[in-house]
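Here's the structure, in structure tokens; my notes come after.
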Amino acid sequence: MTTSHDHAPSTKATWWQSAVIYEIYPRSFQDSDGDGVGDLEGIIQRLSYLEWLGIDAVWITPIYPSPLADFGYDVADYTDIHPLFGDLEAFDHLVEALHAKNIRLILDFVPNHTSEQHPWFLDAKSGPTSAHRDWYIWQNPAPTGGPPNNWVSIAGGGGWELDAESGQYYCHMFLKEQPDLNWRNPAVRRAMYDAMQFWLARGVDGFRLDVFWLLIKDWRFRNDPLNPDYQDGQPDFRRTLPIFSGDRPEIHEIATEMRALVESVDRDCVLIGEIYQPAEKLVTYYGEDGRGLHLPFNFNLMWQHWSPRPILAYIEEYEAALPADGWPSWVLGNHDQKRIASRVGPAQARVAMLVLLTLRGTPTLYYGDELALENVPIPPGQEQDPFGLAHPEQGRDPVRTPMPWSRQERHAGFTTGLPWLPLGNDHPDRCVELQRDDPASMLNLTRNLLALRRSSAALSRGAWSAAKVSGDVLAYVRETESERYLIVANLDDQVKTVGLDEQMGGVVALSTHDGRDGEPMDKVMELRGDEALIIRCQQNAS
Ligand code: GLC
Ligand code: MG
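For the sequence shown, the working numbering assigns the number 556 to the last residue and increments by one with no breaks.
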């Protein structure tokens with residue numbers, strides 16, 4: 015018996031609903047020219063790997079011209095490629111080569127802020143009467159002096175920088191080298207939509223919109239309330255509740271405008287929003303009547319305690335909060351967060367992968383998670399991330415290290431030069447080459463999961479419901495009218511006994527552990543520590 019929800023299996027399936035997205039951090043995927051930094055040509059060289067793995071779309075983090083103060087999230091030109099990564103011709107080749115293998119390309123788009131070196135900001139900074147002054151957010155000091163309000167930068171410290179010449183402050187929700195654009199100015203909107211149009215015309219299949227929820231700020235510049243739960247030692251951005259510096263109601267207008275823009279092209283393109291918000295806020299980004307973003311990223315499973323109750327409770331909360339046509343998008347790792355294998359341990363990382371790839375919605379896999387890579391300690395003096403240089407505990411270098419491809423080659427085949435960040439000591443032993451040959455590896459588990467998911471309408475597009483089973487495990491059902499799967503996951507390293515309803519019995523279709531495929535499951539079963547199973551139920555869904 016299952017607890018039912020209102021979400022029927024999706025009928026009008028677009029490519030991005032049944033897709034699995036793979037996030038590539040281009041600096042660290044494959045270097046083709048020996049400069050120690052990955053590039054577009056490098057991605058092309060590894061296309062057969064992506065095809066073999068079985069992902070459907072690639073999201074590449076920013077590759078635009080940039081002074082790289084925030085490794086490309088500080089854009090100096092929205093319609094070109096940084097020479098480190100290649101040029102527009104290389105980009106066109108990448109699009110073509112991916113499409114030839116039926117893999118979509120999602121571009122990272124950074125609308126909230128530019129680089130301080132962007133010509134718009136250089137002009138804006140030249141004086142209060144400059145043509146681009148109002149493209150950014152300028153305010154006079156507070157009446158008592160100092161910054162206009164208490165907004166905090168997510169990179170640490172205050173969210174305002176004084177421009178000594180004009181005596182005004184400009185707003186920056188990240189580094190001071192990343193001034194925030196003024197999205198209330200129609201000229202800014204037009205310029206950004208033109209840039210999106212530029213990439214759509216070059217064949218991209220959608221955008222991942224960087225910190226989308228921050229685009230519009232309170233027009234009265236009210237102080238954010240203090241966070242009563244703030245504890246010493248937490249990052250600065252936890253000091254306040256960002257209800258005025260972000261997530262303003264007018265943001266949804268922009269989502270709708272962008273939606274109309276991507277719908278104006280003659281193919282299905284997807285808009286994915288990077289939105290760090292709780293469930294009830296997140297669902298508003300689907301927009302009224304589904305006229306907002308297609309896929310607001312849901313990061314919240316990362317903050318739940320990794321045990322059955324909180325994880326299930328959160329999934330249920332989100333499924334219940336979603337609008338009728340809302341399609342979830344789950345994430346367990348990215349270039350900003352600690353590696354999942356370090357958070358839950360390498361054995362549980364297998365369980366986490368099985369869960370991520372069997373939940374309802376479009377999952378995004380972070381490169382290297384299919385190898386169960388862990389955070390790489392960065393030796394002193396080799397740190398690169400400006401967030402970490404200022405606040406070591408916030409450093410993101412450990413999750414951005416080069417992909418290990420082979421056992422024998424120097425730097426695991428990533429580069430013939432000096433890698434921009436070190437590889438983990440154990441990474442050559444976890445490389446693609448070795449894991450490919452090991453049927454029990456994390457890599458083959460991931461590949462098998464992707465294949466099973468692709469082969470099954472229930473697993474890729476079916477309805478989700480919590481399963482009634484007894485035992486301290488995470489259990490849920492994915493089903494269509496003709497197919498039903500039960501997923502049972504032990505989020506612990508101890509053996510668990512699980513009691514099943516009659517209708518749930520079936521055979522193991524896939525396990526995190528060897529030798530269980532095809533095993534019949536009936537009424538009572540045992541899950542080993544760190545084991546998760548996908549069971550193909552014998553009884554058709556009713
Ligand atoms: C997003 C990116 C992060 C970047 C920040 C500022 O959170 O994922 O890497 O530093 O935006 O653009
Ligand atoms: Mg290179």
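By construction, the Cβ of each residue, glycine as well, lies at the ideal position given by its N, Cα and C atoms. Quick caveat, the model's predicted, so the values are computed rather than measured.
Whole-Å CB distance - residue i paired with residue j, under 8 Å assumed
i	j	result
A71	A33	5 Å
L541	N504	4 Å
R353	E388	5 Å
P187	S129	Looking at the sequence shown, residue 187 is not Pro but Met. Between S129 and M187 the Cβ distance is about 14 Å, and since that is not below 8 Å, they are no contact.
Y380	M417	Not quite, the Cβ-Cβ distance comes to about 11 Å (not below 8 Å), so this is no contact.
V521	G529	About 13 Å; that fails the 8 Å criterion.
M210	F221	7 Å
Rounded straight-line distance, which links the Cα of residue j to that of residue i
i	j	result
V218	V109	7 Å
R450	T430	22 Å
Y244	R252	6 Å
W227	W165	15 Å
A465	A471	12 Å
S140	A404	28 Å
P23	R498	Confidence at P23 is low in this model, with a pLDDT of 48, below 50, so the placement of that residue is unreliable and no value is reported for it.
S18	T378	Confidence at S18 is low in this model, with a pLDDT of 42, below 50, so its placement is unreliable and the value that follows should be read with caution. In a straight line, the C-alpha of S18 is about 26 Å away from that of T378.
D84	Q131	13 Å
P400	T494	47 Å
L432	R414	15 Å
D53	R424	18 Å
T16	S62	Reliability fails at T16, whose pLDDT of 39 lies under 50, so the model's placement of it is uncertain and no value is given.
P184	G172	At residue 184 the sequence reads Tyr, which differs from the Pro that was named. Cα to Cα, Y184 sits roughly 11 Å from G172.
D20	G375	Unreliable placement is indicated for D20, whose pLDDT of 49 sits below 50; the coordinate value is still reported in the next sentence. Rounded to the nearest angstrom, the two C-alpha atoms are 15 Å apart.
N154	R60	51 Å
T25	S474	With a pLDDT of 49 at T25, under the threshold of 50, the modelled position of this residue cannot be trusted, and the question is left open.
W197	R203	6 Å
P157	L176	15 Å
L315	Q396	31 Å
S556	E333	Residue placement at S556 is flagged as unreliable, the pLDDT there being 49, under the threshold of 50; the coordinate-derived value follows with that caveat. Cα to Cα, the separation comes out at about 21 Å.
I286	G304	14 Å
T511	Q351	33 Å
V487	D246	35 Å
W29	A426	34 Å
S525	C551	15 Å
One or two residues paired with residue i in a DSSP bridge
i	result
G12	Because the chain spans 15 through 556 in this model, residue 12 falls outside it and cannot be assessed.
T511	E540
G520	M535, C551
R498	E493
G172	V166
S525	L547
I38	I74
Y380	E37
D177	Q182
Neighbour flag for residue i against chain B, beta carbons, 8 Å
i	result
Y380	The chain labelled as chain B is not found in the depicted structure, where only one protein chain is given.
Segment limits, beta strand (DSSP E) that includes residue i
i	result
A489	488–493
V72	71–74
S479	477–480
W419	Note, W419: premise wrong, no beta strand (DSSP E); not H, not E.
F123	118–123
Whether residue i touches residue j by CB criterion (8 Å)
i	j	result
I548	T372	yes
D45	T75	no
P337	N312	no
P611	P406	Nothing can be reported for residue 611, as the shown portion of the chain is limited to 15 through 556.
G86	Y78	yes
D238	P256	yes
L368	A546	yes
G519	M535	yes
G100	E65	no
W149	L189	no
L223	V276	no
Q517	G543	no
I69	I120	no
I329	I268	no
V89	W434	no
P125	S180	no
A477	L326	no
W73	E37	yes
D10	R281	Since the first and last residues shown for the chain are 15 and 556, residue 10 lies out of range.
Delimiting residues of the alpha helix (DSSP H) encompassing residue i
i	result
Y183	Careful: Y183 lies outside any alpha helix (DSSP H), inside the beta strand (DSSP E) at 182–185.
L229	No alpha helix (DSSP H) holds L229; DSSP gives it neither H nor E.
F135	133–139
Y332	322–335
I57	54–59
I354	354–358
I265	265–277
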